[in-house]
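Visitor: Going down the list, the sequences are from chains A and B. The numbering of the first sequence is this note's numbering, which starts it at 1 and goes up by one. The numbering of the second sequence is this note's numbering, which starts it at 1001 and goes up by one. Right, I'll just put the structure down here and ask away after.
Protein chains: 2
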Amino acid sequence: MNETEFVAALRKLPLHPGARGLEDDCAVLTIGSETLVITHDMMAEDTHFRPHADMADVAWKLLASNLSDLAAKGAEPVGVLLGHSLGSDDARFLEGLEQGLVAYDVPLMGGDTVATTGTSTYGMTAIGRAVHLPVPSRKGAQAGDGVYITGPVGRAMLGYEGDPEHLAAFNRPVPRLAEGIALAPLVSAMMDISDGLLLDCWRMGWVSGVTLAIESALIPVADRDRLDECVRWGDDYELLFTAPAGTALPLRAHRIGTVRAREHAPLLLDEAPLADPVRLGYRHG
Amino acid sequence: MNETEFVAALRKLPLHPGARGLEDDCAVLTIGSETLVITHDMMAEDTHFRPHADMADVAWKLLASNLSDLAAKGAEPVGVLLGHSLGSDDARFLEGLEQGLVAYDVPLMGGDTVATTGTSTYGMTAIGRAVHLPVPSRKGAQAGDGVYITGPVGRAMLGYEGDPEHLAAFNRPVPRLAEGIALAPLVSAMMDISDGLLLDCWRMGWVSGVTLAIESALIPVADRDRLDECVRWGDDYELLFTAPAGTALPLRAHRIGTVRAREHAPLLLDEAPLADPVRLGYRHG
């Protein structure tokens, strides 16, 4: 089974109403008068990081990728639980984890530590408190809305390749927590761009039942000569969102297109329909 | 680093008040008027299950071990998030997961699915709602209390060895959810016996600052001739708890000893002090 098939099978299991049909990045749990946002992300050696990666960067990124999911829901972090495989450079892992927890003022709540015999796999569960209701979703983009991103894509790709100016973008990504909280009351849909801009635009269009018409000239990219790669590479952790025309945004964002009623494909790039998500971005499995 | 060293280092990181100093099985999160209990457990190939294990059993056990932690807090399950490594028999994994979710009426809330290149590691986060406050802890055993367990130990060991009568005890353990909810208002301390009875008694005595004086003749075991092994093997998922003398218990439990003021060691077995937790039970790493 690949990831798409596996997730399709998971959707047939008994789901919590807050699971949002497993079509969003987080679960939303209403408890009394409060609403929690809960996410779990994993990182596996070879798939998400190289065997000789600095484990401090791996720990930071594990935390950042989870917090980025909270950011996309406009949630403020409450705490995280760590699932740790012993065996790589655990001391460096702890250093990076501590730096991240301090940087984002997020406490550790618990977790589990196991010995493994093969490659290392790490998991993290992040819990946040929703600041605005309803909690933004990938679903909700409406015809006529503008499509925006909070910053350029492609920086992580250049960092991965060794470009000193962009190393931090790959190794120490910054979750857009403040931006997510500021945007939550205004957006019609929001998600983070962890798997590549085009793929995530396709997904937002698909699940919202609309078409996102994107103009490549409007997309801020780290390297204009490599536009095709920049819009397909993942790991940038900017926020992708839609908002009604005329919305006064509380921060600087880049408008990259417009939402239309569903056409043949959920995504148009410079008017060319992209109906098939394969090769639009990064997909595991 | 081994597990003990790693967890000691984690305790120096910024901790959530509900993390209970990472000395308990779960985090306790108060949200408005409600209290949630949150736990994360992992299972790794070779360490927790054999490479050719039936993946339906692995999925069941992953769920059961997480729900067992909720049981020890007297919490009723709200939902779980799954961290899944693709690549083993994913279809069988899904079957076992579904059986467990249906058996315990627990919905899936979300999670993550990754491709891995080596051995498989699975993680699960379980969220429960506390039924009684304060939420029972490992800490709290008082001199004079009785020490109890809800059922025999050693069944999982015999099942692991292939004894047909006990296969289910190893492959399909049953979390003591109803028992935990019934006991929570009455106990002074409670935990599940996932790592072996003696080790878990030692831990409860240690963290409570008391000595648990256990009598081997009182311990219900699956095979009396192999008492030493039965009390050291893990995976039984019974509940270990202490309660004030004279407490009328709402269910049948086995009294295996008495809590005393702290003596030299946190655990006495037939009056012999067991000061060092090494070799008392199952410890990873």
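Backbone N, C-alpha and C define an ideal beta-carbon position, used for all residues, glycine too.
Taking 9 Å as the CB-CB limit, is P107 of chain A close to chain B?
Guide: It does: the Cβ of P107 of chain A has a partner Cβ on chain B nearer than 9 Å.
Visitor: For the pair the stretch 201-219 of chain A and the stretch 267-280 of chain A, tell me if three or more CB-CB distances fall below 8 Å.
Guide: The stretch 201-219 of chain A is in contact with the stretch 267-280 of chain A.
Visitor: State the DSSP-derived secondary structure class of I181 of chain A, mapped to helix, strand or coil.
Guide: Three-state DSSP puts I181 of chain A in a helix.
Visitor: Sort A:L67, A:F49, A:A56 by Cα distance to T323 of chain A and report the nearest one.
Guide: Residue 323 of chain A is absent from the model: chain A starts at 1 and stops at 285.
Visitor: Taking F301 of chain A as part of the alpha helix (DSSP H), name the residues at either end of that continuous run.
Guide: Because residue 301 of chain A is not part of the residues shown, which for chain A are 1 to 285, the question remains open.
Visitor: Report the three-state DSSP secondary structure of S1085 of chain B (helix, strand or coil).
Guide: DSSP places S1085 of chain B in strand when its eight states are reduced to three.
Visitor: Terminal residues of the continuous beta strand (DSSP E) containing M1157 of chain B?
Guide: Where M1157 of chain B is concerned, there is no enclosing beta strand (DSSP E), although the alpha helix (DSSP H) it sits in stretches over 1155-1161.
Visitor: Tell me which residues share the same chain as F241 of chain A and place their Cβ nearer than 7 Å to its Cβ, disregarding the 5 neighbours each side in the sequence.
Guide: Excluding sequence neighbours, F241 of chain A sits near Y148, L183, V187, A189, M190.
Visitor: Name the residue from A:A71, A:A178, A:Y104 whose alpha carbon lies nearest to the alpha carbon of V135 of chain A.
Guide: That would be A:A71, whose Cα lies nearest to the Cα of V135 of chain A.
Visitor: Looking at the ligand ZN, does it come within less than 8 Å of V131 of chain A, judged from the CB to the closest heavy atom?
Guide: This structure does not include the ligand ZN; it has no bound ligands of any sort.
Visitor: For V1106 of chain B, tell me which candidate among B:G1079, B:G1096, B:L1097, B:T1121 has the shortest Cα-Cα distance.
Guide: For V1106 of chain B, the nearest C-alpha among the options comes from B:G1079.
Visitor: Against chain B, which members of the stretch 35-62 of chain A pass a CB distance test of less than 8 Å?
Guide: Hits within the stretch, in order: L36, I38, T39, H40, D41, M42, M43, A44, E45, D46, T47, H48.
Visitor: Quick check: what's the CA-CA separation for E1238 of chain B versus W1206 of chain B?
Guide: Going from the Cα of E1238 of chain B to the Cα of W1206 of chain B covers about 20 Å.
Visitor: Within 9 Å of any Cβ in chain B, is that where the Cβ of F6 of chain A sits?
Guide: So, interface residue.
Visitor: Using the beta-carbon count (16 or more within 10 Å), is I256 of chain A buried or exposed?
Guide: Buried is the call here.
Visitor: Which residues of chain A have a Cβ atom closer than 7 Å to the Cβ of L1125 of chain B, listed in chain order?
Guide: According to the sequence displayed, residue 1125 of chain B carries Thr and not Leu. By Cβ distance, chain A contributes H40, L81, T125.
Visitor: Per DSSP, P1017 of chain B forms a beta bridge with which residues?
Guide: DSSP output for P1017 of chain B lists no bridge partner at all.
Visitor: Closer than 7 Å by beta-carbon distance: list the chain B residues that pair up with D112 of chain A, in chain order.
Guide: Here the neighbours are H1040, D1041, M1042.
Visitor: Figure out for me which residue from B:A1064, B:R1226, B:C1026, B:L1082 has the closest Cα to the Cα of D1217 of chain B.
Guide: Per the sequence shown, the amino acid found at residue 1217 of chain B is Ala instead of Asp. A1217 of chain B has its Cα closest to that of B:R1226, out of B:A1064, B:R1226, B:C1026, B:L1082.
Visitor: Measuring only the C-alpha atoms, how far is F6 of chain A from A265 of chain A?
Guide: Each residue's alpha carbon lies about 24 Å from the other.
Visitor: Alpha carbon to alpha carbon, how far is R252 of chain A from T150 of chain A?
Guide: Each residue's alpha carbon lies about 7 Å from the other.
Visitor: Straight-line CA distance for R1129 of chain B to H1016 of chain B?
Guide: Each residue's alpha carbon lies about 18 Å from the other.
Visitor: I need the boundaries of the alpha helix (DSSP H) containing V1102 of chain B, first residue and last residue.
Guide: It spans 1090-1103 - the alpha helix (DSSP H) in which V1102 of chain B sits, taken as one unbroken run.
Visitor: For P1220 of chain B versus P1152 of chain B, is the C-beta distance shorter than 9 Å?
Guide: Taking 9 Å as the Cβ cut-off, P1220 of chain B and P1152 of chain B qualify as a contacting pair.
Visitor: Report yes if the C-beta distance between D1236 of chain B and P1173 of chain B is below 9 Å; otherwise report no.
Guide: For D1236 of chain B and P1173 of chain B, yes; Cβs fall inside 9 Å.
Visitor: Using a cut-off of 7 Å between C-beta atoms, extract the partners of S1033 of chain B located in chain A.
Guide: The answer, in chain order, is G32.
Visitor: In this structure, does DSSP put D1276 of chain B in helix, strand or coil?
Guide: If DSSP states are grouped into helix, strand and coil, D1276 of chain B belongs with coil.
Visitor: Which residues in the same chain as A1027 of chain B place their Cβ atom closer than 6 Å to its Cβ, once the five residues preceding and following it in sequence are excluded?
Guide: If we look at A1027 of chain B and ignore the five residues flanking it on each side, its Cβ neighbours are G1018, A1019, I1038.
Visitor: Give a yes or no on whether 9 Å exceeds the smallest Cβ distance from P136 of chain A to chain B.
Guide: No - not a single Cβ of chain B is within 9 Å of the one on P136 of chain A.
Visitor: Which word fits S1208 of chain B, buried or exposed, when buried means at least 16 other C-beta atoms lie within 10 angstroms of its C-beta?
Guide: Buried.
Visitor: In whole angstroms, give me the CA-to-CA distance for I1031 of chain B and H132 of chain A.
Guide: Near 16 Å, if we compare the C-alpha coordinates of H132 of chain A and I1031 of chain B.
Visitor: Using a Cβ-Cβ distance under 9 Å, would M1204 of chain B count as near chain A?
Guide: M1204 of chain B does not count as touching chain A.
Visitor: Taking H166 of chain A as the reference, give the member of A:G123, A:A115, A:D223 with the closest Cα.
Guide: Measuring from the Cα of H166 of chain A, the nearest candidate turns out to be A:D223.
Visitor: For the beta strand (DSSP E) containing T1030 of chain B, list its first residue and its last residue.
Guide: 1027-1031 is the extent of the beta strand (DSSP E) around T1030 of chain B.
Visitor: Can you give the Cα-Cα distance for V259 of chain A and T211 of chain A, rounded to whole angstroms?
Guide: The alpha-carbon atoms of V259 of chain A and T211 of chain A are separated by roughly 6 Å.
Visitor: Looking at the strands, I want to know which residues DSSP matches up with Y148 of chain A.
Guide: A:F241, A:R255, per the DSSP bridge assignment.
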